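Going by full-length UniProt numbering, 125 is the number at position 125 of the sequence shown; the sequence numbering is gapless.
Heads up: the structure comes next, in structure tokens.
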Amino acid sequence: MQSSVALISVVLLCLCSEIDLTHVEPSRGWVVDDDGCLLPDNEPGFCTTLNTCETVTYFIGDRDYDSADVQDIIEKYACGVDRFRGIKVCCPYTPLVQNKPTSKPFKDHTNHPNLRRLPMNCGPVRAWGLYNGNEANLFEFGWSVLFQYKKPGDPYICGGSLISNKYILTSASCIRNKYKLIGARLGEHNVRTLKDCTWEYADGNRVDYCGPPPQDFNIDESDSVIHREYNPRTLENNIALIKLRRTADVNNVESVSTVCLPISSSEKSEDISKYTSIGWGVTETGVGSYALQKVLSVKINNSECSKAYGNAGQSTEKAFCLRHIGQEDVCVEDPGGPVMSYVTINGVLRTLQYGIVSRRPSTCKNTATNPITYTNVVPYVGWILDNLRPGLATSIGQIY
């Protein structure tokens, strides 16, 4: 099926004639100026074309853009019309919460004794903006990790995600690599700048601010826990943990935070269709982008994945395949890096990691025919919790 985002440019012009926008501005008063607008709940948003508002397109999901409920959503958020690009919507700064789809039953880990080793304030949603293979906002994904290796040229080959102030989640293939793993970097955004800076307008004035320096850690294979049934040929059970030799600072800086894991049965949905992928697009020859990137991805079925990778690419309970939406030639994901979605937990919207990059095309061309395979985190949550140990890393590598 052709992606919804790909259809937007065609559908929008058709919808313009079907949706009566004349009542929107005078009766609701949403439009504040050319850029700002008020949402139905009177929260501020920004007026942009529908195909550039990831928040609304994510909420619509795979529903038919000609259906009555989708047209109702678009009319509800409409704030104008661009004569060349179609309907404009009042785009929220934070995600719209979707009704959770029915999940297949999985073991609930809310009573696991090691759950206390994971932070409760994980996965903060700090920014929400446009998706076009765009640069991520500063501090948006503070759990992103870059691994450094002893090799010629750029030292980066793989990524990971910080799940606590002591543990990094990644792929086993990033540990069992032909190059020697020597370090992990937290709180990085642009690998070519000494300081990562951004700006925003506050009370009409531009305010510049910069993040702290990255946090660097010496690590090697001895600090890792690799799944005992990892198969380097098929990449089955391609998952590993790295325990840091000192505690990461996640409390005093904005640039470093932790991502949540799907712990309870209500968070373990196999029916989530869209995900956020992030990374620098690192390969053995260097980084694809100097700054951290983000892109929206969609799950695809077994047959599409198998066309690219044979039996090793088939989606199972422990793996799934994704392709980018509208940005099929963008190289974003890092091997070992995370893919995420958003879930409301106890009334707070949080970012949960659902996958680990396991297999990526050798080139970054056309993820529609060369999808990306992920280790499904959900079946391994128990394994992850079982292997969270007190204290800091020792020099003894283990396989569990």
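Backbone N, C-alpha and C define an ideal beta-carbon position, used for all residues, glycine too.
Every value quoted in this text rests on a predicted model; they were computed, and no experiment measured them.
Strand pairing of residue i, partner residues [DSSP]
{"i": "Trp199", "result": "Asp208"}
{"i": "Ala257", "result": "In the sequence as displayed, the identity of residue 257 is Ser instead of Ala. The partner list for Ser257 (beta bridge, DSSP) is empty, contrary to what the question assumes."}
{"i": "Phe320", "result": "Tyr374"}
{"i": "Arg245", "result": "None; Arg245 has no bridge partner."}
{"i": "Ala291", "result": "Asn190"}
{"i": "residue 403", "result": "The first residue shown for the chain is 1 and the last is 400, placing residue 403 beyond what the model contains."}
{"i": "Leu181", "result": "Tyr149"}
{"i": "Val343", "result": "Arg350"}
{"i": "Tyr275", "result": "Ser297"}
{"i": "Ala172", "result": "According to DSSP, which records beta bridges pairwise, Ala172 is partnered with nothing at all."}
Residue burial classification, residue i (beta-carbon count within 10 angstroms, cutoff 16)
{"i": "Pro262", "result": "buried"}
{"i": "Asn121", "result": "exposed"}
{"i": "Asn238", "result": "buried"}
{"i": "Ser257", "result": "buried"}
{"i": "Asn205", "result": "exposed"}
{"i": "Trp30", "result": "Low confidence applies to Trp30: its pLDDT is 43, below 50, so where it sits in the model is not reliable enough to give any reading."}
{"i": "Val24", "result": "Residue placement at Val24 cannot be trusted, given a pLDDT of 38 that sits under 50; what the coordinates show is reported in the next sentence. Answer is buried; the Cβ neighbour count reaches 16."}
{"i": "Asn264", "result": "For clarity, residue 264 is Ser in the given sequence; the question names Asn instead. So Ser264 counts as exposed."}
{"i": "Asn376", "result": "buried"}
{"i": "Lys274", "result": "buried"}
{"i": "Asp334", "result": "buried"}
{"i": "Lys104", "result": "Its pLDDT being 47, under 50, Lys104 is placed unreliably in this model, and the coordinates cannot settle the point."}
{"i": "Pro40", "result": "exposed"}
{"i": "Arg323", "result": "buried"}
{"i": "Pro338", "result": "buried"}
{"i": "Glu229", "result": "exposed"}
Which listed residue (the options) has its alpha carbon closest to that of residue i
{"i": "Val89", "options": "Tyr65, Ala68, Asp69, Thr57", "result": "Thr57"}
{"i": "Asn134", "options": "Ile325, Arg350, Thr375", "result": "Ile325"}
{"i": "Leu296", "options": "Gly288, Val282, Ile272", "result": "Ile272"}
{"i": "Gly279", "options": "Gly159, Val81, Phe139", "result": "Gly159"}
{"i": "Val191", "options": "Gly288, Ala248, Pro379, Phe84", "result": "Gly288"}
{"i": "Pro92", "options": "Ala136, Gly45, Pro119, Lys76", "result": "Gly45"}
{"i": "Asn42", "options": "Ile219, Tyr77, Ser67, Val378", "result": "Tyr77"}
{"i": "Leu146", "options": "Ala319, Cys174, Ala136", "result": "Cys174"}
{"i": "Ile226", "options": "Pro40, Ser144, Leu169, Thr276", "result": "Leu169"}
{"i": "residue 422", "options": "Val207, Tyr209, Ser224, Glu200", "result": "Nothing about residue 422 can be read from this structure; the chain reaches only from 1 to 400."}
{"i": "Trp143", "options": "Gln293, Val378, Arg228, Val250", "result": "Val250"}
{"i": "Pro155", "options": "Ile356, Pro390, Val282, Leu352", "result": "Val282"}
{"i": "Tyr201", "options": "Gly86, Pro232, Ile356, Gly36", "result": "Gly36"}
Proximal residues to residue i (C-beta, below 7 angstroms), its chain only, five neighbours per side dropped
{"i": "Leu385", "result": "His109, His112, Asn114, Leu115"}
{"i": "Lys107", "result": "Gly382"}
Own chain residues within Cβ distance below 8 angstroms of residue i, not counting five before or after
{"i": "Arg350", "result": "Cys122, Gly123, Pro124, Val125, Cys260, Tyr342, Val343, Thr344"}
{"i": "Gly211", "result": "Leu138, Phe139, Gly187, His189, Lys195, Asp196, Cys197, Val253, Glu254, Ser255"}
{"i": "Ala248", "result": "Leu162, Asn165, Lys166, Leu186, Gln215, Phe217, Val256"}
{"i": "Thr48", "result": "Lys88, Val89, Cys91, Leu130"}
{"i": "Asp208", "result": "Cys197, Thr198, Trp199"}
{"i": "Phe59", "result": "Ile73, Pro95, Leu96, Gln98"}
Cβ neighbours of residue i in the same chain (closer than 6 angstroms, five flanking residues each side left out)
{"i": "Arg359", "result": "Leu235, Thr373"}
{"i": "Cys321", "result": "Ile300, Cys305, Ser315, Pro371, Thr373"}
{"i": "Val381", "result": "His109, Leu261"}
{"i": "Ala240", "result": "Thr170, Ala172, Ile175, Ser224, Ile226"}
Report task. Please list the segments of the beta strand (DSSP E) lying wholly inside the region 111-167, counting only runs of 3 or more residues, in order along the chain. Result -> 144-150, 156-162
**Report entry** Ranges of the alpha helix (DSSP H) found wholly within the region 68-98, counting only runs of at least 4
**Finding:** 68-77
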